[in-house]
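Chemist: Quick note: this note's numbering has the first sequence finishing at residue 445, numbered continuously throughout. Just so it is clear, CB atoms sit at the ideal spot from N, CA and C, and this is done for glycine as well.
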Amino acid sequence: MSQSNLQSMFSNYIDQDTFFKNKDALTTNWVPDNILHRDEQIDDLASILAPALRGDDPSNVFIYGSVGTGKSLITRHVTNELHTVAKNESKDLEIVYINCKMKKVADTEYRLLAKLAGQLGDDVPSTGLPTDEVYNRFFEALQEQKGVVIIALDEIDALVKKVGDEFLYNLTRINDDLEETKVSIVGISNDLNFTEYMDSRVKSSLSEEEIIFPPYNAIELREILKDRADKGFREDVLKDGVISKCSALAAQEHGDARRALDLIRVAGELAERSESEQIVKQHVDRAQDKIERDRVVETVRSQPKHSKLVLYTILNATEDENEIATGDVYSEYKELCQNVEVSELTQRRVSGLISELDMLGIINANVKSKGRHGRTREISVDLSSNIKSQIRELVEEKFYI
DNA sequence: AGTCCACAGGAAGGGCAGGCGA
DNA sequence: TCGCCTGCCCTTCCTGTGGACT
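1. Use the C-beta contact count for Tyr374: other C-beta atoms within 10 angstroms, 16 or more gives buried, fewer gives exposed.
2. Distance, Cα to Cα, Asn261 vs Asn143?
3. Which residue or residues does DSSP assign as beta-bridge partners of Ala369?
4. Can you tell me where the alpha helix (DSSP H) holding Val207 begins and where it ends?
5. Could you check whether Val193 and Thr216 sit closer than 8 Å to each other, using their CB atoms as the reference points?
6. Since Tyr108 contacts Ser249 with CB under 8 Å, what's their CB separation in whole angstroms?
7. Return the first residue and the last residue of the beta strand (DSSP E) that Asn66 is part of.
8. Could you tell me if Asp284 is buried or exposed, where buried requires 16 or more neighbouring beta carbons within 10 angstroms of its beta carbon?
9. Quickly, what does DSSP pair Asn143 with across the bridge? List them, please.
10. How many angstroms separate the CA atom of Glu289 from the CA atom of Thr171?
11. Give me the residue from Met242, Leu307, Ile263, Ser320 with the minimum Cα distance to Asp280.
12. Once DSSP output is grouped into helix, strand and coil, what is the label at Lys270?
13. Which word fits Pro174, buried or exposed, when buried means at least 16 other C-beta atoms lie within 10 angstroms of its C-beta?
14. Between Lys135 and Gly99, is the Cβ-Cβ spacing less than 8 Å?
15. Only counting runs of 4 or more residues, tell me where the alpha helix (DSSP H) segments fall wholly within the segment 258–321, in order along the chain.
16. Which whole-angstrom value is the C-beta distance of Val227 and Asn219, which I expect to be below 8 Å?
17. Residue range of the beta strand (DSSP E) that Asn410 falls in?
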């Protein structure tokens, strides 16, 4: 594009009518005034947390439901409202909301405690202190609060699976040592069988109350999406059937409202970029592709270098054959390492990297026993050729292959 | 019934970087 | 500066295992 073209493109961009009235309304972090199809859960959570307004400590609550069923949204909504009322009535109430899955933020016990202390006003360095010192700082910050502190831990299952449930045990016991502060915990989990990972003492004290969030069905999703689209898009930009299509696709993904919103927002962006008059169903198909591609490629990009090399090996090996075993991956990976002059890792580590890639949903690896011929994982890749070639390019660029 | 393959995957610990307090 | 602590990546060592083969 020549420079004058670039300028005219930019000025066109300014003049162009955008499809969006309020793009935030189409993101998952946005909390709408009226939340649809979750009245029961809102009432439940509100009545459990309400005692905080009288200075009593509310029961600990455990919230279950799969991705995109409104758990975080409802928790944020209810706690926001609670906080507003408490403020108006000048009650001592502090709300702390932490997402435990945020990388480098709260994915270890140390980081969680540091983050909790930080939100209560005591800045703790991101590393360097002994964990019990961080715990003490957090404890002191709590004691200074006085009144009720509600700690909402989102995606708590991810943290417990990673570091165990001991920190939860300590958290649930913290009330015994506090004098003027009362702590109540709201645990939010995507995994319905999550409590199996926990010690029974932690389980019973943490799930004094439980709220289940069922998946949305296609009709509910459509209403939710309609509501958000009315707020997010200008009038008449959506062609008939687009909302239904997004809801139907998201309903297949276990009733995931997050996916529905992503689909319609990205479809809007794609339509806008292609200078089309309206958002049509084809844009939704392309949005579906783009979301999946971005997810996979971004995940791969953030992997350590050896993980990339292992994936590259697997991609190449599965080109001629559908499945490959761990041992074969390892020998080809070693060869690749020699070619690109990188010192290779052990088989144990590569085995671990393969599990990680499997958990990230980039490859499929199933343990299979071949009798006399041993036990191994059969590894296959189920990605579109488009995504595969993007990953290859990414790795080749990095290692000058 | 027993053997044995080719790994899976747990446990422990080393080494390094980042960062604190003295 | 030094000693210490944590997280992270990795290695070493180890035990476990489903089912074809003997």
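Modeler: According to the structure data:
1. For the purposes of this step, residue 374 is identified with residue 330 of the first sequence, where counting begins at 1. Buried: at least 16 other Cβ atoms inside 10 Å.
2. Walking along the first sequence from the start, residue 261 turns up at place 217. Walking along the first sequence from the start, residue 143 turns up at place 99. One C-alpha to the other measures close to 26 Å.
3. The sequence position of residue 369 within the first sequence is 325, counting from 1. In DSSP, Ala369 forms a bridge with Glu422.
4. Locating residue 207 in the first sequence gives position 163, counting from the first residue. Element bounds for Val207: 200–207.
5. One-based indexing of the first sequence puts residue 216 at position 172. One-based indexing of the first sequence puts residue 193 at position 149. Going by C-beta atoms, Thr216 is not nearer than 8 Å to Val193.
6. Counting from one through the first sequence, the residue named residue 108 turns up at place 64. Counting from one through the first sequence, the residue named residue 249 turns up at place 205. Going by Cβ atoms, the distance from Tyr108 to Ser249 rounds to 17 Å, so no, they are not a contact pair.
7. Translated into positions along the first sequence, residue 66 becomes position 22. Looking at the DSSP string, Asn66 is not in any beta strand (DSSP E), and its letter there is neither H nor E.
8. Against the first sequence, residue 284 aligns to sequence position 240. By the neighbour-count rule (16 or more Cβ atoms within 10 Å), Asp284 is not buried but exposed.
9. Stepping through the first sequence from its first residue, residue 143 is reached at position 99. Looking at the DSSP assignment, Asn143 forms a beta bridge with Asp198.
10. Translated into positions along the first sequence, residue 289 becomes position 245. Translated into positions along the first sequence, residue 171 becomes position 127. Here the sequence assigns Lys to residue 289, which means Glu is not the residue at that position. Taking the straight line from one Cα to the other gives about 47 Å.
11. Start at 1 with the first residue of the first sequence, and residue 280 comes out as number 236. Per the Cα distances, Ser320.
12. As a working mapping, residue 270 is identified with position 226 in the first sequence. It is helical.
13. Along the first sequence, one-based indexing puts residue 174 at 130. That one is exposed.
14. Position 91 of the first sequence, counting from 1, holds the residue named residue 135. Position 55 of the first sequence, counting from 1, holds the residue named residue 99. A contact, by the Cβ cut-off of 8 Å.
15. 262–276, 286–296, 301–317
16. Along the first sequence, one-based indexing puts residue 227 at 183. Along the first sequence, one-based indexing puts residue 219 at 175. About 6 Å; that satisfies the 8 Å criterion.
17. For the purposes of this step, residue 410 is identified with residue 366 of the first sequence, where counting begins at 1. Run containing Asn410: 408–413, per the beta strand (DSSP E) assignment.
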